[in-house]
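Protein chains in written order, with my numbering: chain A, 34 to 296; chain B, 753 to 1264.
Beta carbons are placed, not taken as given, at the ideal position from N, Cα and C, and that holds for glycine.
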Amino acid sequence: MTRWGGLVLAWFPIALVVLWAVAPGLFTGYDPIAGVPAEKLQAPSADHLFGTDAVGRDLFARVVHGSVHSLTGAFVAVAVGLVAGTLLGLLAGSAGGVLDDAVMRIVDVLLSVPGLLLALTVIILLGPGTVNVAIAVGVGSVAAFARLSRSEVVRVRRTDYVEAAFGSGGRFLAVLWRHVLPNSLGPVIALAALQFGMAILAISTLSFLGYGAEPPTPEWGLLISEGRNYLATSWWLTTLPGAVVVAVVLAAGRVSRSLRRHE
Amino acid sequence: MSLLEVCDLAVSYDGRRAVEGISFAVEPGEVVAVVGESGSGKSTTAHAVIGLLPANGAVDAGRILLGGADLATWSSKRMESVRGAQIGLIPQDPSSSLDPVKTVGAQIAEVLRIHGRGDRRAIRRRVVDLLARVGLPDPERRARQYPHELSGGMRQRVLIAIAIALEPRLIIADEPTSALDVTVQRRILDLIDDLRAESGTALLLVTHDLAVAAGRSDRLVVMRGGRIEEQGPTKQVLASPAAGYTERLLNDAPALSASAFRDPPDGAGPAIVVRDLVKEFKGFRAVDGVSFEVTRGTTHALVGESGSGKTTTARMVVRFAEPTSGTVSIAGAGEGRAFRRHVQLVHQNPYGSLDPRQSIGDIVEEPLRNFRLGDRAERRARVLDLLERVALPQDVLTRRPRELSGGQRQRVAIARALAAGPEVVVLDEAVSALDVTVQAQILDLLEQLQRDLGLTYLFISHDLAVVRQISHTVSVMNKGSIVESGTTRQVFTDPRHEYTRELLAAIPEPAL
C-alpha cells in the first residue's frame, strides 16, 4: 500500500506540471509577462500564491507558464539522448568487433567529460537559445543511453530466442527490430524517465547561467536566477521555483525506479 | 521415536497454499525419498523442515518434530542452532551454492567456526579430513582452491563436506545430483550412501528422478500438487503402486520402462553426412574429428557428458558455428537462408528460446513470415494446423510464453521448428529440462511427427534412458571424439568401448 501510495504521490507533481504546460489558463489568471509595479515584491498570500517579483509579476503565474518551456526542453533533451544513444548502442551491440570498440571508446571519452562542460561546449558551437540548450543537454546524455542500450543488446543477442529467430530464417535487421530492440528497451525507458528529471535540472542550470531562454521568458532556471538578487529580502523568488524543480526531479526519479522494477 | 516427524504441515506463499496435509516420518539412519514433478511442493516441504522458506513463505499449520522439539514454532534465530548441527543441507546447484570469492577450505571452516568447534588449528585439520572423506584427492591443496577451480562434481563434494561437517543426525539433499553428469551423479550418490552408512545419519532425499529415488531409498513419499499422493516402503510402492499417479510416474520414467528398441529401416539414403568435423577454440579442440551419418527418416543420437563436444557438433550441423575443418552435408538443403527452411534446431531450454514479448501465434508464424509463405489467412490457418499437430489448444494463440508450462512451451518451440516444413530437425537436449511425464509426452509427439512427416532427427542428449527410447542409431562422444557408434540395440546391449560401459552402468536403476 505504501509503495503504491508513494508512486501515486510521485505521479501527482508530474501530472500537475504537464497540465500547467497544456492549459496554464486553468491554474492562474495573472499575466506572466506584464507586471503591476504597485504590487512588487509581495510575500506569498492568498492572492499571489508564490508572491510577486521586482516588477510586480505574479510568480505562480510565471512558474505555471514557464513549465511549458522547461518540459519541452527536457522532452527534446531526452528525445535526443534516447534516439541517438539507443541507435549507437544498438549498432555497437549488434555489430560487435571493431565497430563496437570504436563506438564504445568514443562513448567512454564522452562519459569522461563532465556533463555541464559538454553541454556548454555544444552551446558555444550552436549558440544560446531554448532549443539549443535542450539539444546540448541531450547530447550530454547520449553516452549514458548508448552504454546502457549496448549492454542490454549484448545480453539479448546472446539469448536462445534471438538465435532461434535467426534459425527461423530471420534477416539481420528484421531480428534486430522484432526481437532485440523490444527486449532491450525496458531499462532504457527507465533511464529516460530518470534523465527527464535530470534534463529539467540541467536546462534550469544552463538558463540560470544565462545560456538558455532570454528574459522575460518565464523559464524555471531563469526565474531562480532572477530571484537571486533579492535572496536576502524576498526568499520566495528563488525558493518556490526551486522547490517546484526539486519536486519534479524527485518525482521523475521515483517513476523511473518503478519502471525499472516493473521490468 | 522417529528422528523427524512432520504432521499435517501446510505452507503458503503470499497467502496462497503451496503444500497441505503433509505428514511423514524419518527414522534414524533411514533414507526417505520425496519424489514429484516440479511444482509438486517437494522442495517447499524440505525447506520448511530446515526453516529456510523464502521471505514470502510461511508455515500455516502443522508440526515439524525433530527429536520431540517442534521446529515449526521456533524463531529463525533459534533455528540457526539446528541448521548444520542437527540438520545438514546439500543444495541443488553446486555452481551457485558456493561463495566464489572464498576458498573452499574457508567455506567449510565457516560452519565449524560458527558452531564453535575447536580453535583455528583444529578446524584446519578437520577441514582437510572432511575433504579427504568426501573423496577429493590432494585435500590440502583443494582447501586452498576457489570454487571456479573445481568441476561440478568436486563442488558438490565440497557441499557435502559442509553438510556433514558437524555430523548432523539428518541430512536433507535437495536434488543433489540433478545438475551433474550421470557418471558423476552415480559417484556422488554412492558417496552419500557410504557416509550415511558410516555415521548412521538419516537422509531426506528430494528428487524428481524416480530412478534415483527407487535405487537409493528405504521409503518413498510421492507428492503431487502440494499433497502427498502415496507413501510407503520403496519396494512396495514400486511393485504395486496404490495411486494412479504413482503408476503413471513409473511408466513415464524412461529408465524404468524397458521399451522396445527402434531398429533403423533399410534402404533409405543418408540425410546428414558429417565427415572429420573439427572445432577449435583458441587452441582447445572441442570437437576432434567427428564423423557420422544419419539415414533419412530416422533418429540419430549424440550422447555424452557435459564438455564432450556434442552441443558444439550440433551447432555446426545447423550452421550456428563454423567448423575449423571437416564437412557437414545435408541432402537437399540449400545455401544461406534456404538452409534454414530445410534444417531446424530446437533448443534445450523452452524458457529461453521463446521471445517473452511475442504471442504464441506470432512465435509460430515467424518462420512463415520470414520466408514469405502464403498470405495472412493462409499463414494463420497453418499456425492453427501446427498447434493442433503439437496438441496445443487454440486458445494459446494470443497468450505469452510465460503463461504456459515448460512442456507447452517446448511444444510451441517444436511447432515453430516445423512451420517452414523442414526435413531435418536437430534437438539439443530438447527434453532435458522437462518433468518425466511431460518428457514422455514430448518424446511420443516427436515419434509421431517423425512417422507423419518423415523427419530426420539429430538428437543431442546426456540422458541414455531417453536416447534408448527415441533413437535408431547412437554415437557416444567423449572429450570431443566419437568413441563408439552403431544401432541403439548394439550399443546398449553389447557396448564395446570402456566409456560406453561406464555410462550405461551409471544409469540409475531401481534395486527391485
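{"Check": "Cβ distance (whole Å) where V166/A is taken to contact L234/A below 8 Å", "Outcome": "12 Å between Cβ atoms; not a contact."}
{"Check": "For K794/B: DSSP bridge partner residues", "Outcome": "DSSP, once it has assigned bridges, lists no residue as partnering K794/B."}
{"Check": "Terminal residues of the alpha helix (DSSP H) in which L1210/B lies", "Outcome": "Segment 1208 to 1213 is the beta strand (DSSP E) holding L1210/B; no alpha helix (DSSP H) there."}
{"Check": "Rounded distance between the beta-carbons of G904/B and A931/B, thought under 8 Å", "Outcome": "6 Å"}
{"Check": "Selected residue, minimal CA-CA separation from A1258/B, among V934/B, D845/B, S1058/B, I916/B", "Outcome": "V934/B"}
{"Check": "Inter-residue Cα distance where the pair is L1264/B and S1237/B", "Outcome": "Because L1264/B carries a pLDDT of 42, less than 50, the predicted location of this residue cannot be relied on, and no value is offered for it."}
{"Check": "Contacts that G203/A makes with chain B (C-beta to C-beta distance below 8 Å)", "Outcome": "E1118, N1122"}
{"Check": "Reduced DSSP category for T1076/B - H, G, I as helix; E, B as strand; rest coil", "Outcome": "coil"}
{"Check": "Same chain, Cβ closer than 8 Å to I916/B, five either side skipped, listed in chain order", "Outcome": "G840, L882, R885, V886, I923, L947, S951, T953"}
{"Check": "Neighbourhood of M34/A by C-beta, 8 Å cutoff - its chain only, sequence neighbours within 5 removed", "Outcome": "Confidence at M34/A is low in this model, with a pLDDT of 44, below 50, so its placement is unreliable and the value that follows should be read with caution. Once the five neighbours on either side are set aside, M34/A has no close Cβ partner at all."}
{"Check": "Close Cβ partners of S1011/B (< 6 Å) along its chain, the five nearest in sequence each way excluded", "Outcome": "Q1221"}
{"Check": "Proximity winner among M231/A, A198/A, R261/A, relative to A285/A (alpha-carbon distances)", "Outcome": "M231/A"}
{"Check": "Cβ pair count under 8 Å reaching 3, the region 265 to 277 of chain A against the region 202 to 215 of chain A", "Outcome": "no"}
{"Check": "Distance CB(D1142/B)-CB(S1081/B) smaller than 8 Å", "Outcome": "The displayed chain sequence assigns Val, not Asp, to residue 1142/B. Result no, Cβ atoms of V1142/B and S1081/B do not sit closer than 8 Å."}
{"Check": "Residue-chain proximity (T266/A, chain B), Cβ-Cβ < 8 Å", "Outcome": "no"}
{"Check": "Presumed contact (8 Å Cβ cut-off) between A87/A and K73/A, rounded CB distance", "Outcome": "6 Å"}
{"Check": "Nearest-angstrom Cα separation, counted from V155/A out to K1062/B", "Outcome": "55 Å"}
{"Check": "Contacts around D766/B, its chain only, beta-carbon distance under 6 Å, and the 5 residues preceding and following it disregarded", "Outcome": "N808"}
{"Check": "Pick from A991/B, H900/B, G1173/B that is closest to S849/B, judged by C-alpha positions", "Outcome": "H900/B"}
{"Check": "Inter-residue Cα distance where the pair is A991/B and Q1191/B", "Outcome": "23 Å"}
{"Check": "Backbone secondary structure at A1263/B - three-state DSSP", "Outcome": "Here A1263/B scores only 45 on pLDDT, less than 50, and its place in the model should not be relied on; the value that follows carries that caveat. Coil, per DSSP."}
{"Check": "DSSP three-state assignment for E1254/B, whether helix, strand or coil", "Outcome": "helix"}
{"Check": "Cβ-Cβ distance between S1223/B and R1014/B below 8 Å", "Outcome": "yes"}
{"Check": "Environment of V97/A [buried if 16+ CB atoms lie within 10 Å]", "Outcome": "buried"}
{"Check": "3-residue-minimum beta strand (DSSP E) runs that sit fully inside the region 1093 to 1148 of chain B, ordered along the chain", "Outcome": "1095 to 1098"}
{"Check": "is_contact[A197/A, chain B] using C-beta, thresh 8 Å", "Outcome": "yes"}
{"Check": "Buried versus exposed, by CB contacts within 10 Å (16 or more), R893/B", "Outcome": "exposed"}
{"Check": "Complete runs of the alpha helix (DSSP H) confined to the region 250 to 295 of chain A [at least 4 residues]", "Outcome": "253 to 260, 269 to 295"}
{"Check": "Segment contact flag, the region 170 to 186 of chain A with the region 128 to 143 of chain A, C-beta cutoff 8 Å, min 3 pairs", "Outcome": "yes"}
{"Check": "Beta-carbon neighbours of P215/A, restricted to chain B and to distances below 7 Å", "Outcome": "R1109"}
{"Check": "Boundaries of the alpha helix (DSSP H) in which P891/B is found, first to last residue", "Outcome": "891 to 895"}
{"Check": "Chain A within 8 Å of R1037/B, Cβ atoms only", "Outcome": "no"}
{"Check": "Cβ shell of I707/B (< 6 Å), same chain only, five flanking positions each side left out", "Outcome": "Here chain B has residues from 753 to 1264 only, and residue 707/B is not among them."}
{"Check": "The alpha helix (DSSP H) enclosing E1202/B, as first and last residue numbers", "Outcome": "Looking at the sequence provided, one finds Gln at residue 1202/B rather than Glu. Run containing Q1202/B: 1188 to 1205, per the alpha helix (DSSP H) assignment."}
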